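Undergrad: Structure below; questions to follow.
Number of protein chains: 2
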Amino acid sequence: MFNFSYHNPVNIIFGKGTICQLAELLPKDGNIMLVYGGGSIKRNGVYDQVIKAAPGRRLIEFSGIEPNPRYETLMRAVEVVKREKINFLLAVGGGSVIDGVKFIAAAALWQGADPWDFMPDHGQAVRAALPLGVVLTLPATGSEMNPNSVVTRESTREKLFFGSPHVMPHFSILDPETTYTLPPRQTANGAIDAFVHVMEQYMTCPAGAPLQDRQAEAVLLTLIEAGPKALEHPNDYDTRASLMWAATQALNGLIGCGVPHDWTTHMIGHEITALYGLDHAVTLAIVLPAVWRHKRQHKAAKLLQYAARVWGIRDGDEDARINAAIEKTEKFFQSLGVATRLKDYDVKNGLGAIAQQCEKHGLPLGEHQDIWRKDVETIIDLCRE
Amino acid sequence: MFNFSYHNPVNIIFGKGTICQLAELLPKDGNIMLVYGGGSIKRNGVYDQVIKAAPGRRLIEFSGIEPNPRYETLMRAVEVVKREKINFLLAVGGGSVIDGVKFIAAAALWQGADPWDFMPDHGQAVRAALPLGVVLTLPATGSEMNPNSVVTRESTREKLFFGSPHVMPHFSILDPETTYTLPPRQTANGAIDAFVHVMEQYMTCPAGAPLQDRQAEAVLLTLIEAGPKALEHPNDYDTRASLMWAATQALNGLIGCGVPHDWTTHMIGHEITALYGLDHAVTLAIVLPAVWRHKRQHKAAKLLQYAARVWGIRDGDEDARINAAIEKTEKFFQSLGVATRLKDYDVKNGLGAIAQQCEKHGLPLGEHQDIWRKDVETIIDLCRE
């Protein structure tokens, strides 16, 4: 087991009818910016619950945060924050809204010329941020309980990541009932996103950390059970609650304690989204099996453990068991309505740009730091059809 | 799944050679009380590591915290805290030292007549406490990452519990190497204590929380693997690390989120320790199987799930599988060198006092709040031989 530190002070409020607790959680004084996306929270009643829970607060709204939140949009929000002297940010939505709010929170107090400079490959770190809280409506990214944010810059077609303890939410309210009305595509994407978050921290090589392995498998098994069930029974509370809590646990730091991480699938996936506009989760469902095929030798021990413990595959030789585990994983993504090859999305041309952008944003990748440009090209080849 | 809140801001520093990080973690100014137990930290080098990591700090030592820390001892520490104007407490040891320091931290700022009044059945809550940090040397109680403390009052033979977010450690350093020199009895007790902590939150009734179930099973499986292995190979780092992290995860609030709790075994166990002086973990190993036998109807669904997932018991009728699971559990305790009946400890007389004290400190017990005095008597009967 590697040395690690774990410090996650996010106050989680989980359950039915918990949005009303905003009344105690929001600061009593000052100006609060209520940030949301395309307006689904107005249709499903979440907006009304938030407003009702915040009487006497000065709320300034900023809506229109898009999926894969854009730097350009967020910088407009930063202007409003400065103009209106906002001192608390409330994100109401899914990972894109939360990630966007984290960027706004850090950018609002940024002392340098351009907040884009705190993106990791630009070399500067966030040193302060406005406090923020969350009402989660789409379980997927774990952003409600972690210090991470992914932002896309339209002008340069870059989708980049930053992380800072300064942007950890002060609190996150998770009411599973808010997810009853999610479109099936978003439910499916959320389950896949969470599943692949686990894999980035689990499907590496054995590291003498059996507890973390089993905690990861606990999340995988829950997602495999609850994902398809949520599509079938969208109003089943316990299923929605399991999916929501599993997505949080998939990326709140816990299962990644003391073990190697991969993140190749995410890094390649981000480039595909930036270049071709595919949903984030779709890119993960395409890239993950290809990464495993390319790295099956290095990942053999964990692939076999995964085959046995998660899918009950214990018969046959090692190759057959690994193949079966990869196939089961793809079938799981497909059972959620997500196809797992680039050809399914008519993405065929100019694929060389993916590896090129990966190189620009930082290679090598992988738990052994051995995935270079030619490996990314091989992986993309395996994603084709 | 029940509604829940989860807020655990303890900063965990885990791994080899991490005690030196005290240099950054301890407050730079003021007076720090270094609290420890019987002096094993002087023999195993931990004391020296702590002193070396705190140059320039004013450290006032208070040693002699006993297992099942005593109110009488702790109140002497409170006097020193007040006299020396201590503003930070550093606990170096296991659960008893940490629990003791939590009591000292709260008692030092207590405004009422007697700090014993913040024990739950005395009706008042802790409203403030001095900040505290931990260097853990004995994995068992989870106290390094929770708000709980158990203190024994010698004069009244009471062992009582209090919990408050004010006594959460600011940081806890967990270096598995500090546990290499633990006596086998303490290693065994620690594994059993952690195991039963999981059970108090897991072995109840199904509650639509499959993730929490699997997270609990992850800890159980790790303890079953690592416990005996640590006795056999006391200097195996990964084994010690797994045991240490599993004990923390067993009682840091996570696996108890949104599910019913029992705690009958602990409540009865505390009375046995208070009356007869048996080790805490020993009382748990005796009482747990008896509680299961008495409540096997109510706990049947979870006993069967436990049998299958933790022990691989899938054949035979339900009764046989439940019996086998209880037997496997007892065998596990015994494999750690801990006998599981009162007769093994020559505790035979005056057993009626146990149920009587349970009644005094609050009945009913159990996830259904249906364990009354006569049930405790039946359970004690099942503990005899």
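In order, the protein sequence lines correspond to chains A and B. Each residue of the first sequence is one higher than the one before, counting from 1 in the numbering used here. Each residue of the second sequence is one higher than the one before, counting from 1001 in the numbering used here. For glycine and all other residues, C-beta sits at the position ideal for the given N, C-alpha and C. Just so we're clear, the structure is a prediction, and the values are computed from it rather than from any experiment.
Considering B/G1352, what are the terminal residues of the alpha helix (DSSP H) in which it resides?
TA: Element bounds for B/G1352: G1352 to H1361.
Undergrad: Could you confirm whether any beta carbon from chain A is found closer than 8 Å to the beta carbon of B/Q1249?
TA: Chain A contact via Cβ: present.
Undergrad: Is the segment 162-179 of chain A in contact with the segment 5-19 of chain A, if contact means three or more CB pairs nearer than 8 Å?
TA: Short answer: they touch.
Undergrad: Is the beta carbon of A/W245 closer than 8 Å to that of A/F62?
TA: The answer is no: Cβ separation not under 8 Å.
Undergrad: Tell me, please, whether the segment 1198-1211 of chain B touches the segment 1255-1264 of chain B by the rule of three or more beta-carbon pairs shorter than 8 Å.
TA: Enough Cβ pairs lie closer than 8 Å, so yes.
Undergrad: Can you tell me whether A/T137 is helix, strand or coil according to DSSP?
TA: Coil, per DSSP.
Undergrad: Within the same chain, show all residues whose beta-carbon is closer than 6 Å to that of A/L132, passing over the 5 residues directly before and after it, in chain order.
TA: Within the same chain, A/L132 has close Cβ partners L89, V101, A105 and P169.
Undergrad: For a contact meaning CB atoms closer than 8 Å, what does B/P1169 contact in chain A?
TA: What B/P1169 touches in chain A: nothing, since even the nearest Cβ is about 12 Å away.
Undergrad: Measure the CB-CB distance between B/R1070 and B/E1200 and report whether it falls below 8 Å.
TA: Cβ distance not < 8 Å, so B/R1070 and B/E1200 don't count as in contact.
Undergrad: Using 8 Å for Cβ pairs, my map puts B/I1268 next to B/V1287. What's the rounded Cβ distance?
TA: Confirmed, about 5 Å.
Undergrad: For B/R1083, count the other beta carbons within 10 Å of its own beta carbon; 16 or more makes it buried, fewer makes it exposed. Which is it?
TA: Exposed, because fewer than 16 other Cβ atoms sit within 10 Å of the Cβ of B/R1083.
Undergrad: Excluding five sequence neighbours on each side, which residues of the same chain lie with their C-beta closer than 8 Å to the C-beta of A/C358?
TA: The answer, listed in chain order, is M267, I268, E271, L365, R373 and V376.
Undergrad: Taking Cβ-Cβ distances shorter than 7 Å, what residues in chain C pair up with B/T1222?
TA: Of the protein chains in this structure, namely A and B, none is chain C.
Undergrad: When you compare the CB of A/Y6 with every CB in chain B, is at least one pair closer than 8 Å?
TA: Judged by the 8 Å Cβ criterion, A/Y6 is in contact with chain B.
Undergrad: In terms of alpha-carbon separation, which member of A/L382, A/A250 and A/A301 lies closest to A/E217?
TA: The residue with the shortest Cα to Cα distance from A/E217 is A/A250.
Undergrad: Using the three-state DSSP reduction, which class does B/V1078 fall into: helix, strand or coil?
TA: Three-state result, B/V1078: helix.
Undergrad: I want to see whether chain B comes within less than 8 Å of A/A129, judged by CB atoms only; does it?
TA: By this cut-off, A/A129 is not an interface position.
Undergrad: For the candidate residues B/K1331, B/Q1215, B/V1092 and B/P1228, whose alpha-carbon lies nearest to that of B/A1188?
TA: The option with the nearest alpha carbon to B/A1188 is B/P1228.
Undergrad: A/L231 to A/Q334, Cα distance in whole Å?
TA: Whole-angstrom Cα-Cα distance: 13 Å.
Undergrad: Let me confirm a value: A/K360 is counted as buried when at least 16 other C-beta atoms fall within 10 Å, else exposed. Which label applies?
TA: That one is exposed.
Undergrad: Against chain B, does A/A218 count as a neighbour if the rule is that its beta carbon must be under 8 Å from one of theirs?
TA: It does; some Cβ of chain B falls within 8 Å.
Undergrad: Which residues in chain A sit within 7 Å of B/I1012, going by Cβ to Cβ distance?
TA: In chain order: S5, Y6 and H7.
Undergrad: Considering A/Y276, what are the terminal residues of the alpha helix (DSSP H) in which it resides?
TA: A/Y276 -> alpha helix (DSSP H) spans T264 to Y276.
Undergrad: Looking only at its chain, what residues have a beta carbon closer than 7 Å to the beta carbon of A/R384, apart from the 5 residues adjacent to it on each side?
TA: The answer, listed in chain order, is R341, L342 and K343.
Undergrad: Kindly say whether B/E1024, judged by its beta-carbon, lies nearer than 8 Å to any beta-carbon of chain A.
TA: Answer no: the Cβ-Cβ gap between B/E1024 and chain A never drops below 8 Å.
Undergrad: Just checking: is the beta-carbon of A/T18 within a distance shorter than 8 Å of some beta-carbon in chain B?
TA: Output row for A/T18: interface = yes.
Undergrad: Any chance you could list the beta strand (DSSP E) runs of at least 3 consecutive residues sitting entirely within the segment 48-131 of chain A, in chain order?
TA: 58-62 and 88-93, all fully within the segment 48-131 of chain A.
Undergrad: Considering just the uninterrupted stretch of the alpha helix (DSSP H) at A/R321, what are its terminal residues?
TA: Looking at the DSSP string, the run of the alpha helix (DSSP H) that includes A/R321 is E318 to S335.
Undergrad: DSSP has B/V1151 in a bridge; who is on the other side?
TA: B/L1160, per the DSSP bridge assignment.
Undergrad: So what's B/F1171 in DSSP terms, helix, strand or just coil?
TA: Note: B/F1171 maps to strand in three-state DSSP.
Undergrad: Tell me where the beta strand (DSSP E) around A/F195 begins and ends.
TA: Element bounds for A/F195: not the beta strand (DSSP E) but the alpha helix (DSSP H), P184 to Y202.
Undergrad: Which residues mark the beginning and the end of the alpha helix (DSSP H) in which A/Y237 is found?
TA: It spans Y237 to A250 - the alpha helix (DSSP H) in which A/Y237 sits, taken as one unbroken run.
Undergrad: For B/A1246 and chain A, any beta-carbon pair shorter than 8 Å?
TA: True, the Cβ-Cβ gap to chain A drops below 8 Å.
Undergrad: Please list, in chain order, the chain A residues whose beta carbon lies closer than 9 Å to that of B/M1001.
TA: Correct list: F14, G15, P176, Y237, D238, A241, S242 and W245.
Undergrad: Counting only beta-carbon atoms, is A/E225 nearer than 8 Å to chain B?
TA: Interface residue, yes.
Undergrad: Just the chain A side, please: which residues come within less than 7 Å of B/G1258 by C-beta, in chain order?
TA: In chain order: F14.
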